[in-house]
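Take a look at the structure below.
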Ligand SMILES: Cc1ncc(COP(=O)(O)O)c(C=O)c1O
Ligand SMILES: [Zn+2]
């Protein structure tokens, strides 16, 4: 049955209820019977809506889209070892968050909601603002005041109301909470429709590898929107009998803010409270991930692990990617640093996929600073 279901009290709700969390306060998951009619999929345009029967939206006319997705999957050489990389920095707003935003804002339109609020470290805010503009939905975006100026400009350019909140990412999350009691919360961490957009990365990888799953998938992780998305996506393909196994999922965190990696390493049931330090990888600097337990479980169930990367590793990965012709923002380079850590342990036959998640043009100030520094790694 297609429904929203509370992860705490197990109460079920129709997909047409205007709720983003359970009245008991619990997180909602979305149960959806996806199907994958291959001939239809192949005949459609190369964008993520080609997996239409796997996306929980009732009516076509509600689709809010720039025909995004089906990004190239390119083989990239890492010191003699080939890794397949999804080019998700090439989305209309410059990050993979468009996957979640196109599905969530389509659902918002279907629900007849005229205004939404969202909080973000930057990129999800850009995506929600852009798709809000496309769908005629008013958006109010809360971000930490220290977010890269390129992302702030982008959010404002889309016509969103920008709220700059002093302090940490968690202070921003607290600030949006009041607003979310009155307007619909188009949250990329709470709202389950977002994850049913990010899951399309799994479908695309499966199709681009000739309808096969890779052995290993390595993604940056903060709130886990991409990590949980691929876990849901490959889970649906497994359930449909289209793949034999879910890939090993490897989450990459900044060593300066790594609550998920610590919970995994120490076998903790709850996400520990940590003191985050500033990091270049602003997109994954999430000290209190709301779906933390789910993320750690998804990694564990897949037989994967977490890696943590230091600032110097991020910088050198960023420079290296640039020298290969890929201009990435530092958060995206954290995954590249993770690839360098992982490869020496990988099996020579292993098919490895990773993702370039965000474009370098979003973080010009940081790039100038990094490029001006002497190289230490
Ligand atoms: C470029 C980039 N990569 C990766 C991530 C990680 O996403 P998540 O916090 O959902 O795990 C983000 C999140 O903002 C991002 O902006
Ligand atoms: Zn509940």
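Residue numbers (the numbering used here): 934 to 1310.
We put the beta carbon where it would ideally sit given N, CA and C, even for glycine.
This structure is a prediction, so every number in the text was calculated from the model and none was measured.
With a beta-carbon spacing of about 3 Å, residue 1135 and residue 1166 fall inside the 8 Å limit used to define contacts. Just measuring C-alpha positions, the residue of 940, 967 and 1193 sitting nearest residue 1129 is 967. DSSP places residue 1177 outside any alpha helix (DSSP H), giving it a letter other than H or E. Of 1133, 1089, 1076 and 1095, the smallest CA-CA separation from residue 1106 is found for 1076. For the 8 Å CB-CB criterion, residue 1064 and residue 1034 form a contact. Taking 8 Å as the upper bound for CB-CB distance, residue 1221 and residue 1055 are not in contact here, some 18 Å apart. The alpha helix (DSSP H) runs lying completely inside the segment 1157 to 1223 and spanning 4 residues or more are 1158 to 1172 and 1192 to 1199, given in chain order. Between the alpha carbons of residue 963 and residue 1061 lies a distance of about 20 Å. For residue 1017, the secondary structure class from DSSP, reduced to helix, strand or coil, is strand. Looking at the backbone, the Cα of residue 1276 and that of residue 1184 are separated by about 14 Å. Pairing residue 1041 with residue 1119 gives a Cβ-Cβ distance under 8 Å. Judged by DSSP in its simplified three-state form, residue 1125 adopts helix. The Cβ atoms of residue 1290 and residue 1159 sit closer than 8 Å to each other.
The segment 1075 to 1133 is shown to contain whole alpha helix (DSSP H) runs of 4 or more residues at 1082 to 1090, 1102 to 1113 and 1125 to 1131, in chain order. When distances are taken from the beta-carbon of residue 1290 to the heavy atoms of ligand 1, the shortest one is below 7 Å. Contact between residue 1247 and residue 1213 holds, since their C-beta atoms are separated by about 5 Å, short of 8 Å.
From the listed residues 1188, 1210 and 1256, the smallest Cα separation to residue 1239 is found for 1188.
Distance between residue 1237 and residue 1199, taken at the CA atoms: about 15 Å. Proximity to residue 1295 across 1059, 1084 and 1227 peaks at 1084, based on C-alpha coordinates. Excluding residues up to 5 positions away in sequence, 1188 lie with their Cβ nearer than 6 Å to the Cβ of residue 1243 in the same chain. Fully enclosed beta strand (DSSP E) runs of no fewer than 3 residues occupy 961 to 964 of the segment 957 to 983, in order along the chain. For residue 1191, the CB contacts under 8 Å within the same chain, skipping 5 residues up- and downstream, are 1207, 1239 and 1241 in chain order. CA-CA distance, residue 1292 to residue 1005, rounds to 15 Å. In summary, residue 1030 is buried, with 16 or more beta-carbon neighbours lying within 10 Å of its beta-carbon over all protein chains present. Residue pairing by DSSP places residue 1238 opposite 1183 in a beta bridge. Under a 10 Å Cβ-count criterion, residue 976 is classified as exposed, with fewer than 16 other Cβ atoms of the shown protein chains found around its own Cβ. Per DSSP, residue 1067 lies in no beta strand (DSSP E); the unbroken alpha helix (DSSP H) holding it starts and ends at 1056 to 1068.
In this structure, the straight-line span from the alpha carbon of residue 1253 to that of residue 1217 is close to 20 Å. When the five nearest sequence neighbours on each side are left out, the beta carbons in the same chain lying within less than 8 Å of the beta carbon of residue 1287 are those of 1016, 1017, 1018, 1019, 1150, 1151, 1152, 1268, 1269, 1271 and 1272, in order along the chain. Of the candidates 990, 996 and 1298, the residue whose Cα lies closest to the Cα of residue 936 is 990. Between the alpha carbons of residue 1045 and residue 948 lies a distance of about 13 Å. For residue 1155, the Cβ falls inside the 7 Å cut-off from some heavy atom of ligand 1. Counting C-beta atoms within 10 angstroms of its own C-beta, residue 939 has 16 or more neighbours from the protein chains shown and is therefore classed as buried. Across the structure, residue 1204 and residue 1012 are spaced so that their CA atoms are roughly 35 Å apart. The alpha-carbon of residue 1108 is positioned some 24 Å away from that of residue 1028. Residue 1038 is positioned such that its CB atom lies no closer than 8 Å to that of residue 1074.
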